[in-house]
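J.: With my numbering, letter number 168 in the sequence shown gets 177, and the count goes up by one each step, no holes.
All residues carry an ideal CB built from backbone N, CA and C; glycine is no exception.
Note that the coordinates shown come from a computational prediction; the quantities given were computed from them, not determined experimentally.
Got a structure for you, written out below as structure tokens; questions coming shortly.
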Amino acid sequence: MTDEKIIELRNLAAQIRIKTIRCMQSAGGGHIGGAMSIADVLAVLYGDIMRYDVKTPCWKERDRLVVSKGHSGPAVYAALSLSGFFPEEMLYTLNKGGTQLPSHCDRNKTPGIDMTTGSLGQGVSAACGMAYALKLSGNPARVFVILGDGELQEGQVWEAVQFAAQNKLSNLTILVDNNKAQLDGKLEDICRPYDLSGKFRAFGLESFAVTGYDVKEIHDGITRCFDKNVTCALILETHKGIGCKFAEEALFNHFMNFGDSEADEAEKEILHRLELGIVRKGA
Ligand SMILES: Cc1ncc(C[n+]2csc(CCOP(=O)(O)OP(=O)(O)O)c2C)c(N)n1
């Protein structure tokens, strides 16, 4: 990847953070923690990796993205809007009557959303079905699924992972947002996940970890996944709320109410860090 492309993707990630915050601000708040931690992977997917056509969101050969942690909808909407699927103004209708943007992803409402999600644990099953069907029909499209680390506590995830391994779904890439926290605290205190990559490997997949807020590492990691002849689970080492100062500093940042001044300050800080070439203080 060229230096120019890295800069472009960093810019896009910063814009995704800013638009996500503005989108949530219009609703008085939102699931900010887990939205911030996927901004960088969304930038890599929509900014370089995925093939799509904004004029034909249902193009048969498009790559599919299932955001299994559907409560991060606003971050996906920001990425879709910045990629040209719909105008920015639509972001500010989040959760309002008649909106096309509900808080959780809905494929029947939003252009560019490939799967309805929100009930955690179901996304890998859906993504496996998509990948299997694409493979059977000789369609070259790829499927990506973003999972939460807390979500991995759902047993259904592991049933689906076994299916992916058995059927060598090399057109499926699993992206785990390992932000170390779930709704009510740290995974370590609630239900320790142990060695995530080791678990995926024990279930028959390939798996390795990268820094999940470094666009170059994410890009290289996803590209490396494409070389495998089986599904690869890429563990994105992130932090809940990363990149948004007021969320980073909060003890609980799963869902936060916030207003204009917090959003203004957050945007300023994101742009300041972008100039410094960092996503969070010290990293
Ligand atoms: C089946 C199910 N149980 C509970 C919830 C409520 N819920 C929404 S988000 C969340 C925490 C998810 O944690 P994680 O997967 O780590 O997501 P992130 O921290 O990235 O937001 C929970 C329990 C849900 N949406 N679905």
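#1: Judging by CA-CA distance, which residue of Ser77, Leu283, Gly107 and Phe235 is the nearest neighbour of Ala44?
#2: Specify whether the region 274 to 285 and the region 196 to 207 touch according to this definition: at least 3 beta carbon pairs, one from each stretch, less than 8 Å apart.
#3: Output needed for Ala169: all residues of its chain with C-beta closer than 6 Å, excluding positions within five of it in sequence on either side, in chain order.
#4: At the level of alpha carbons, what is the spacing between Tyr222 and Gly147?
#5: Within the present structure, is the beta-carbon of Leu245 separated from the nearest heavy atom of ligand 1 by less than 7 Å?
#6: In three-state DSSP terms, what is Arg31?
#7: Going by the C-beta, is Asp186 closer than 7 Å to any heavy atom of ligand 1?
#8: Output the boundary residues of the alpha helix (DSSP H) element that contains Ile231.
#9: Report yes if the CB atom of Ser46 is closer than 8 Å to the CB atom of Asn266, and no otherwise.
#10: Under the criterion of a Cβ to heavy atom distance below 7 Å, does Ser112 qualify as lining ligand 1?
#11: May I have the straight-line CA-CA distance separating Leu18 from Asn238, to the nearest angstrom?
#12: Quick one: is Asp72 buried, meaning 16 or more other Cβ sit within 10 Å of its Cβ, or exposed?
#13: With distances taken between CB atoms, is the gap from Asn87 to Thr125 smaller than 8 Å?
#14: Apply the 10 Å Cβ neighbour rule to Ala292 and answer buried if 16 or more other Cβ atoms are within range, or exposed otherwise.
#15: Counting along the chain, where does the beta strand (DSSP E) carrying Ala292 start and finish?
#16: Is Ile25 near Ala256, with beta carbons less than 8 Å apart?
#17: Report, in whole angstroms, the separation of the C-beta atoms of Asp186 and Gly157, which I expect to be a contact under 8 Å.
T.: On the basis of the data shown:
#1: Ser77
#2: no
#3: Val133, Ser134 and Cys137
#4: 34 Å
#5: no
#6: helix
#7: yes
#8: Val224 to Phe235
#9: no
#10: no
#11: 28 Å
#12: buried
#13: Here residue 87 turns out to be Ala, not Asn, going by the sequence shown. No. Outside cutoff.
#14: exposed
#15: That residue, Ala292, is in no beta strand (DSSP E); it is neither H nor E in DSSP.
#16: no
#17: 6 Å
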